[in-house]
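Engineer: Taken in order, the sequence shown gives residues 2 to 334; the numbers are from this note's numbering.
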Amino acid sequence: MPNPIAAHATTADGQELPVIDVTHPRFALADDPAAISALFDAYVEAERRQGRVPAFLTRWMMRLAARRSALLRALLRPNAGFLDGLTTYVMKLGAANLPPPFDSEIDRRLAAAPHTLALRLRLQQTAKLIADGLARDLIAAPGMPLHLFNIAGGPAIDSLNALILLRCADADILARPITIQVLDLEAHGPLFGANALHALSAEGGALAGVEVAFSHESYDWNRPETLDALVRQAAARGAVIAASSEGGLFEYGSDQAIVANLRALHAGGRGARLVAGSVTRADAIRRRSIGACGFKLVPRGIEGFAPLAEAAGFRVDRVETTPLSDQLRLRPI
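#1: Do you know how far the Cα of Thr227 is from the Cα of Leu182?
#2: Let's test the definition: count the other Cβ atoms within 10 Å of the Cβ of Gly82 and tell me whether it reaches 16, buried, or not, exposed.
#3: Give the DSSP-derived three-state secondary structure of Arg109 in the structure shown.
#4: CB-CB under 7 Å to Gly305, same chain, minus the five flanking residues each way: which ones, in chain order?
#5: What number of angstroms, rounded off, separates the C-alpha of Phe315 from the C-alpha of Pro333?
#6: Short check: CB of Tyr44 to CB of Ala96, under 8 Å?
#7: State the Cα-Cα distance for the pair Arg137 and Gln51, rounded to the nearest angstrom.
#8: When you compare the CB positions of Ala277 and Leu130, do they come within less than 8 Å of one another, or not?
#9: Counting Cβ pairs, one atom from each stretch, are 3 or more of them under 8 Å apart for the segment 258 to 275 and the segment 106 to 121?
#10: Given that a residue counts as buried once 16 or more other Cβ atoms are within 10 Å of its Cβ, and exposed if not, what is Asn4?
#11: Does the segment 33 to 41 come close enough to the segment 213 to 223 to have 3 or more Cβ pairs within less than 8 Å?
#12: Can you say whether His1 is buried or exposed, counting buried as having 16 or more other CB atoms within 10 angstroms of its CB?
#13: With DSSP run on the structure shown, which of helix, strand or coil describes Asp221?
#14: Who are the near neighbours of Pro79 in its chain, counting only those whose CB is closer than 7 Å to its CB and skipping five residues on each side?
#15: In this structure, how does DSSP classify Asn4 when only helix, strand and coil are distinguished?
#16: Drop a sphere of 10 angstroms on the beta-carbon of Asn223, count the other beta-carbons inside from all chains shown, and report buried for 16 or more, exposed for fewer.
#17: Would you mind stating whether Leu309 and Asp229 have Cβ atoms separated by less than 8 Å?
#18: At 3 residues or longer, and completely inside the segment 124 to 195: list those beta strand (DSSP E) runs for me, N to C.
#19: Threshold first: 3 residues or longer. Then list the beta strand (DSSP E) segments lying entirely within the segment 258 to 289, N to C.
#20: In the DSSP assignment, what are the bridge partners of Leu329?
#21: Take the Cβ of Glu106 as the centre, count every other Cβ of all protein chains shown within 10 Å, and call the residue buried at 16 or more, exposed below.
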């Protein structure tokens, strides 16, 4: 197969998965206005077709199909309320890159659906928002530590891809100590992320020769005291600080949790130079879709999220969009 995937890493269960690199042809997606418009059209059409099928029949068909689809079984877990980090990661691999046991015909169709393409694009957009936003700050602070906080990020693949993008843009910009700190209740996602970093750091890898430390802290975003202390420690070392939460805090957290975590990241103006993350869209089609899926997403949209950011000392600096969510970058006010 052309353009072989360069890096693979193992999960805690020994499952080998490709490591997503959004600069690699096997993973990169078109994100120009025409491609985004086409994705929106495909999403609306898929939702329209789905709306014609009675809900009870849809549930029966999905349970039947799940017998032959590892991804569907994960999606249909009762009372999950959210999609775990590793299942989300596998869905972002793309239909052509699915390994066993996620490579049935149903799995491939699911991975090629507009909803899943939107998840892949969400990752790519978030990584670009981080990388593009950090470049100037890193150039202005040569050799100073870089500290990336990733809240509910599972394997932190957006942070890893931000580093890949930065290195592609400037081979010397990452000549500094770098820390990726994942704050997540689950351990399996961060463990895979650490293994993915190891694979990317191998000779010939996308991050070979880059000094990156990867750590995981068990974290409940409703208790942001831990984050507050970690941000202040990084600031005291003179680190350039950035944070992200792709598919996490800003989509599932309460208003109070979002404001509290952003205030911790702000640290009175001494903390994060930028925060990137995804916010669930609030249009009527997205609200209906959320009502049918059972996940506890909060459809705020940018209009509902911006006042929360402002209350914590941040402004919306840039927005990229998909049918499922808007990806935004925040800057301190």
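The beta carbon of each residue, even a glycine, is placed where N, CA and C say it ideally should be.
Structural biologist: The answer reads as follows:
#1: Within the sequence shown, residue 182 is the residue found at index 181, counting from 1. Within the sequence shown, residue 227 is the residue found at index 226, counting from 1. In the sequence as displayed, the identity of residue 182 is Gln instead of Leu. Distance between the alpha carbons of Gln182 and Thr227 is about 12 Å.
#2: By one-based count along the sequence shown, residue 82 stands at place 81. Low local confidence applies: a pLDDT of 46 at Gly82 is under 50, so the model's placement there is unreliable, and no value is given.
#3: As a first step, residue 109 is located in the sequence shown; it is residue number 108 there, counting from the start. If DSSP states are grouped into helix, strand and coil, Arg109 belongs with the helices.
#4: The count along the sequence shown starts at 1 and reaches residue 305 at position 304. Correct list, in chain order: Ala283.
#5: Position 314 of the sequence shown, counted from the first residue, corresponds to residue 315. Position 332 of the sequence shown, counted from the first residue, corresponds to residue 333. Their Cα atoms are separated by approximately 4 Å.
#6: The sequence position of residue 44 within the sequence shown is 43, counting from 1. The sequence position of residue 96 within the sequence shown is 95, counting from 1. No, Cβ-Cβ distance for Tyr44 and Ala96 is not below 8 Å.
#7: Taking the sequence shown and counting its residues from 1, the one referred to as residue 137 is at position 136. Taking the sequence shown and counting its residues from 1, the one referred to as residue 51 is at position 50. Rounded to whole angstroms, Arg137 to Gln51 spans 45 Å at the Cα level.
#8: As a first step, residue 277 must be located in the sequence shown, where it is residue number 276. As a first step, residue 130 must be located in the sequence shown, where it is residue number 129. Closer than 8 Å, so yes.
#9: no
#10: To locate residue 4, count along the sequence shown from 1; it is residue 3. When all chains shown are included, Asn4 counts as exposed.
#11: no
#12: Because the chain in this structure spans residues 2 to 334, residue 1 falls outside the shown range and cannot be described.
#13: By 1-based counting over the sequence shown, the position of residue 221 is 220. Correct three-state label for Asp221: coil.
#14: Taking the first residue of the sequence shown as 1, we reach residue 79 at position 78. Low per-residue confidence applies at Pro79: pLDDT is 43, beneath 50, and the placement is therefore not dependable, though the value from the model is reported in the following sentence. Cβ within range, chain order: n/a, list empty.
#15: In the sequence shown, residue 4 corresponds to position 3, counting from 1. Correct three-state label for Asn4: coil.
#16: Here residue 223 refers to the residue found at position 222 when the sequence shown is read from its first residue. When all chains shown are included, Asn223 counts as exposed.
#17: Here residue 309 refers to the residue found at position 308 when the sequence shown is read from its first residue. Here residue 229 refers to the residue found at position 228 when the sequence shown is read from its first residue. Their beta carbons are not under 8 Å apart, which means Leu309 does not touch Asp229 by this criterion.
#18: 147 to 152, 179 to 184
#19: 275 to 281
#20: As a first step, residue 329 is located in the sequence shown; it is residue number 328 there, counting from the start. Note: Leu329 sits in a beta bridge opposite Gly278, Val320.
#21: Here the question's residue 106 lines up with position 105 in the sequence shown. Exposed, by the Cβ-count rule.
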